[in-house]
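Only one structure is covered here, and it is reproduced in the block below.
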Amino acid sequence: MAHSSSRRLTALLLPLLAALVLLFSAAGAEAAGKQATASNGPTLYFAIDNTIYSMNTQTGSFRKITKVTQVAYIGDISYYNGYLYFCGNKYVGSDGDNCHICRIKAGGTGFQDLGAGFSPRIYGGKIYYSRGRVTVSYGTPYTDCLGIGRMALNGSSKKALVTFSYKYATARGLEVLGDRIYFIYSGSGGMTLRSCPISGRNTKVISSCGYYHATNGSTYFYQNGSSVYKIGASGKSTYLFKMASSEYRILGLRAGYLYYGLHSYNGPSNFRKRNLSTGSGTKINSMGMTAIHTGTGKFIVVERYDTGGNFIVARMTTAGKSYKKIGTYHRA
């Protein structure tokens with residue numbers, strides 16, 4: 107094949123992540139200088155394949171908003187000033203991707219394609235994202251990652267902030283905290299957490315890491331093996347605690363708790379939360395969660411593996427009660 111292992115990793119990861127990407131939220135309609143999230147007040151937005159849903163996180167009631175027929179998969183949803191911004195993958199399948207930054211009115215109308223790219227984050231009334239260029243190899247499209255960029259909310263005024271020299275590099279998990287951009291870089295030399303000033307350039311390596319991370323808008327949490335670290339306003343990385351196994355993954359944040367879990371195909375699974383103030387941990391249940399979506403209320407949306415490549419999307423409380431299935435999706 108003409109593409110490298112890094113590009114192959116991008117192709118395999120994105121359809122899965124785009125179906126239900128990790129959405130970490132506190133309040134969605136933020137002022138300039140804050141990062142937009144997937145919620146607007148008590149309303150949390152999420153997607154299953156290319157269908158957008160909303161859920162009231164106080165009552166647990168949910169509804170379908172619209173099916174976005176212009177794309178096959180949706181991920182990285184943010185709410186800002188009446189619009190939902192997201193990554194839309196136009197390619198059906200797991201052997202490639204055709205990723206674009208898109209937006210649609212929160213009511214489900216007025217779809218707009220803003221250009222090639224992924225991992226969009228709204229901060230200070232602008233979109234920060236991984237710049238993309240779609241190429242075709244042996245008839246299959248792939249989204250090359252050119253670096254980090256910024257553009258206006260309508261897709262105009264695009265500007266390159268960071269340019270990658272390695273052709274098959276990718277940048278996932280992009281977050282903007284204070285005056286710095288954080289992202290997980292995958293390329294020659296493995297996977298590393300990196301950051302740069304919000305104006306771009308001068309990228310620095312913080313640590314080797316895994317893909318899974320979480321942010322509450324002011325602190326960035328990431329894992330390196332089984333160890334969990336945080337980065338605050340100072341930009342310094344601080345060790346927090348060690349999970350029982352490197353197979354655990356960080357899933358999300360809500361109300362001072364960090365959620366993480368172990369999804370096992372053959373052995374026992376585990377879904378836990380840790381109080382970040384006291385350091386005490388609590389087991390929620392034995393479900394193998396692969397993603398969670400949180401808002402301001404007690405109800406959250408969870409994703410868990412079922413069987414045969416099928417995944418279940420459900421809602422439940424943060425204590426693991428009132429579980430109700432919302433839908434399913436399949437990945438080969």
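My numbering puts the last residue of the sequence shown at 438; the count rises by one with no breaks. From the three backbone atoms N, C-alpha and C, an ideal C-beta is built for every residue, glycine too. This one's a predicted model, so the numbers in the text were calculated from it and none came from an experiment.
- Take the alpha-carbon of MET393 and the one of SER305: they are about 42 angstroms apart.
- Per DSSP, PRO303 is one residue of the beta strand (DSSP E) stretching across 296 to 303.
- Burial of GLN329 is indicated by the presence of at least 16 other C-beta atoms within 10 angstroms of its C-beta.
- Take the alpha-carbon of SER167 and the one of THR423: they are about 12 angstroms apart.
- Inter-residue distance for GLY296 and THR165 is about 43 angstroms (C-alpha atoms, whole angstroms).
- A straight line joining the alpha-carbon of ILE390 with that of ARG410 spans about 14 angstroms.
- Burial is judged here by how many other beta carbons sit within 10 angstroms of a residue's own beta carbon; GLY255 has at least 16 and is buried.
- An exposed status is given to GLY216, since fewer than 16 other beta-carbon atoms sit within 10 Å of its beta-carbon.
- The C-alpha of GLY188 is placed about 23 angstroms away from the C-alpha of SER324.
- For HIS369, there is no enclosing beta strand (DSSP E), as DSSP marks it with neither H nor E.
- Under the three-state reduction of DSSP, LEU259 is assigned to coil, being neither helix nor strand.
- In this structure, SER294 sits away from TYR317, with a CB-CB distance that is not shorter than 9 angstroms.
- Linking TYR248 to ASP203 through their CA atoms gives a straight-line distance of about 5 angstroms.
- Looking at the DSSP output, THR172 shares a beta bridge with ILE158.
- Contact annotation: ILE207 and TYR229 have beta-carbon atoms that are not nearer than 9 angstroms.
- A distance below 7 angstroms between beta-carbons, with the five flanking residues on each side excluded, links CYS315 to the following residues of its chain, in chain order: ILE290, MET297, THR298, LEU299, TYR328, GLN329, ASN330.
- Apart from sequence neighbours up to five positions away, the residues of its chain that approach SER333 with a beta-carbon distance below 6 angstroms are LYS348, ordered along the chain.
- Rounded to whole angstroms, the separation of the alpha carbons of ARG227 and SER340 is 21 angstroms.
- If only uninterrupted beta strand (DSSP E) runs of at least 3 residues are considered, those enclosed by the region 208 to 285 are 218 to 229, 232 to 243, 246 to 257, 265 to 269, 276 to 283.
- If the five residues before and after HIS369 are omitted, its C-beta is found closer than 6 angstroms to the C-beta atoms of SER375, GLY394, THR396, TYR411, all from its own chain and listed in chain order.
- Pairing SER236 with THR175 gives a Cβ-Cβ distance that is not under 9 angstroms.
- The shortest CA-to-CA distance from ARG421 to any of THR413, VAL408, GLY415 is the one to VAL408.
- For VAL198, no beta strand (DSSP E) encloses it, and the DSSP letter there is neither H nor E.
- The DSSP assignment places 319 to 321, 326 to 330, 333 to 337, 343 to 348 as complete runs of the beta strand (DSSP E) inside the region 318 to 357, in order along the chain (cut-off: 3 residues).
- In the structure shown, THR384 adopts coil according to DSSP, grouped into three states.
- Of the candidates LEU280, ILE233, GLY238, ASP250, the residue whose Cα lies closest to the Cα of SER263 is ILE233.
- Note: THR434 is bridge-paired with ILE418 in the DSSP secondary-structure output.
- Here the alpha carbons of VAL282 and THR400 stand approximately 19 angstroms from one another.
- Boundaries of the beta strand (DSSP E) around SER314: 310 to 314.
- Relative to the Cα of TYR429, the nearest Cα in the group ARG437, TYR435, VAL419, HIS436 belongs to VAL419.
- Separation of HIS319 and THR172 (C-alpha to C-alpha, rounded to the nearest whole angstrom) is 28 angstroms.
- Per DSSP, reduced to three states, the secondary structure at THR413 is coil, with no helix or strand assignment.
- Between LEU280 and SER225 a beta carbon distance of about 4 angstroms is seen, short of the 8 angstroms cut, so the two are scored as contacting.
- Put simply, the backbone Cα of THR149 is about 27 angstroms away from that of ASN416.
- GLY194 counts as buried, since at least 16 other C-beta atoms from the protein chains shown sit within 10 angstroms of its C-beta.
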